[in-house]
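What follows is a set of notes on a single structure, which appears directly below.
Residue numbers (the UniProt record's numbering): 1 to 368.
Set out below in structure tokens:
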């Protein structure tokens with residue numbers, strides 16, 4: 001059982017208006033016939049799946065993309081009747097469950113369809129989207145022959161409907177576009193080879209949706225940028241509009257003390273005070289997603305950056321202060337001057353991972 005820490009001063013704030021704005025701006029950037037599908041997998045990249053789905057739907061999103069079947073089922077259980085696509089692999093034994101709940105699955109292997117027994121136990125046919133591997137090297141059909149074989153096999157069944165076809169780009173978040181253009185050309189060739197074009201042809205992740213025309217496609221899968229984060233720092237200067245980050249991560253000082261020269265901080269005694277200095281203990285650690293690699297990262301108090309010193313513990317960490325602050329002073333861990341991008345640069349990762357790391361025990365408060 002996951003426990004959420006409502007009774008301690010550590011929390012995440014999610015700005016509803018920021019998510020709405022990012023969706024509205026992307027919609028204004030798209031042709032009218034192109035649907036925006038909100039990607040809410042991984043607990044909406046750490047932002048809270050059910051609440052974000054509600055915000056996205058109210059903002060005009062026309063469906064959802066998730067990674068696993070359980071996420072789709074959670075949306076259905078919460079009352080969402082919209083289009084849902086599971087983009088990851090779903091074992092064939094759960095196909096009927098997906099069909100019963102009107103959840104579309106990704107079909108990327110001929111053998112999966114061969115193993116699929118009759119779907120007559122389900123009241124609805126199973127809707128599938130073919131995944132074409134045009135150069136990502138993950139899930140997907142690798143040849144034109146495989147695509148034609150699976151299309152023909154579906155055509156012979158009345159319990160499976162080929163609703164869509166899609167691919168995923170490996171380098172859409174880079175300014176150099178030669179590999180992207182190669183993948184795009186491959187995907188277009190596959191689509192043109194089909195006996196009948198499916199109802200939903202889509203290829204755009206956030207970077208592609210932001211930077212490339214979508215007029216000949218039917219939908220975009222809007223993920224990281226729905227949350228106001230750029231798919232990569234490289235394309236930040238060429239984005240068509242300014243994204244508004246939705247998430248901020250806060251805590252409060254629970255103890256403030258003065259160290260003397262020679263005093264040490266945290267496990268391993270890796271930090272030693274060289275002079276008198278004020279430090280604060282914060283009730284947040286790697287069990288919350290504020291991982292050990294944040295040692296040396298700068299958090300913010302009233303806009304002033306202050307370093308995390310010593311090793312981050314499971315439930316606590318320590319920051320250096322320029323002066324004495326009262327217990328209860330608010331500290332911004334991520335947000336404002338120390339953005340998810342800044343945190344990612346310090347940790348040596350990407351902003352996606354920064355927000356996805358946030359654990360369930362950190363409560364989410366939705367504002368605006």
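Every residue gets a Cβ at the ideal spot worked out from N, C-alpha and C, and that includes glycine.
- Item | Closest residue to residue 43 among 368, 353 and 367 (Cα-Cα distance) | 353
- Looking only at its own chain, which residues have a Cβ that is under 7 angstroms from the Cβ of residue 328, when we skip the five neighbours before and after it? 252 and 253
- Task: Return the chain-ordered ranges of every beta strand (DSSP E) run that is complete within the stretch 217-280 and spans a minimum of 3 residues.
- Result: 219-222, 247-252 and 255-259
- Message: Can you tell me where the alpha helix (DSSP H) holding residue 100 begins and where it ends?
- Response: 95-100
- Work out the CA separation of residue 155 and residue 145 for me, nearest whole Å. 15 angstroms
- Item | Other residues of its chain near residue 375: CB distance less than 8 angstroms, five sequence neighbours each side excluded | Missing from the structure shown is residue 375; the chain here goes from 1 to 368 and no further.
- Task: Would you kindly report the start and end of the unbroken beta strand (DSSP E) that includes residue 422?
- Result: Lying before the first or after the last residue shown, residue 422 is absent from the chain, which here runs from 1 to 368.
- Query: Per DSSP, residue 65 is paired with what?
  - Reply: The partner list for residue 65 (beta bridge, DSSP) reads 39 and 85.
- Item | Top-ranked residue by Cα proximity to residue 335, from 257, 249, 348 and 295 | 249
- Within the stretch 121-191, ranges of the alpha helix (DSSP H) (whole runs, at least 4 residues): 144-155
- Would you tell me roughly how many angstroms separate the C-alpha atoms of residue 192 and residue 165, rounded to the nearest one? 11 angstroms
- Message: For a test of the three-state rule: what should DSSP assign to residue 200, helix, strand or coil?
- Response: strand
- Item | CB of residue 224 within 8 angstroms of CB of residue 231, strictly | yes
- Stretch-stretch touch, CB-based, cutoff 8 angstroms, three pairs: the stretch 122-130 with the stretch 59-66: no
- Presumed contact (8 angstroms Cβ cut-off) between residue 365 and residue 13, rounded CB distance: Between residue 13 and residue 365 the Cβ distance is about 5 angstroms, and since that is below 8 angstroms, they are a contact.
- In whole angstroms, what is the alpha-carbon distance linking residue 39 and residue 28? 18 angstroms
- Determine the extent of the alpha helix (DSSP H) in which residue 195 is found, giving its start and end residues. That residue, residue 195, is in no alpha helix (DSSP H); it is neither H nor E in DSSP.
- Item | Sequence-distant residues of its chain with Cβ nearer than 8 angstroms to residue 315 (five each side left out) | 283, 284, 285, 287 and 288
- residue 298, enclosing beta strand (DSSP E) - first and last residue: 298-301
- Query: Taking one C-beta from the stretch 269-278 and one from the stretch 331-348 each time, how about it: are there three or more such pairs within less than 8 angstroms?
  - Reply: Under the 8 angstroms Cβ criterion, the stretch 269-278 does not count as touching the stretch 331-348, having fewer than three qualifying pairs.
- Query: Under the rule that 16 or more other beta-carbon atoms within 10 Å means buried, what is residue 337, buried or exposed?
  - Reply: exposed
- Query: From 84, 36 and 356, pick the residue whose C-alpha is nearest to that of residue 229; which is it?
  - Reply: Residue 356 is the option with its Cα nearest to residue 229.
- Query: DSSP state of residue 113, grouped into three classes?
  - Reply: helix
- Return the chain-ordered list of same chain residues with a C-beta closer than 8 angstroms to the C-beta of residue 175, the five sequence neighbours on each side being excluded. Within the same chain, residue 175 has close Cβ partners 234, 235 and 238.
- Query: What's the gap between the Cα of residue 204 and the Cα of residue 180?
  - Reply: 11 angstroms
- Message: Quick check: the Cα distance between residue 298 and residue 16, rounded to an integer number of angstroms?
- Response: 26 angstroms
- Query: From residue 151 to residue 195, what distance separates their C-alpha atoms?
  - Reply: 8 angstroms
- DSSP on residue 74, reduced to helix/strand/coil? helix
- residue 104: first and last residue of the uninterrupted beta strand (DSSP E) it sits in: 104-107
- Task: Using beta-carbon positions only, say whether residue 226 and residue 367 come within less than 8 angstroms of one another.
- Result: no
- Query: Is residue 288 close to chain B, meaning its C-beta is less than 8 angstroms from at least one C-beta of that chain?
  - Reply: Included in the structure is just one protein chain, with no chain B present.
- Cβ of residue 3 versus every heavy atom of the ligand SAH: is any distance shorter than 7 angstroms? Because no ligand of any kind appears in the structure shown, any question about the ligand SAH cannot be addressed here.
- Query: Within this structure, are the beta carbons of residue 218 and residue 56 separated by less than 8 angstroms?
  - Reply: Not closer than 8 angstroms, so no.
- Message: Given this structure, state the Cα-to-Cα distance separating residue 73 from residue 241, to the nearest angstrom.
- Response: 34 angstroms
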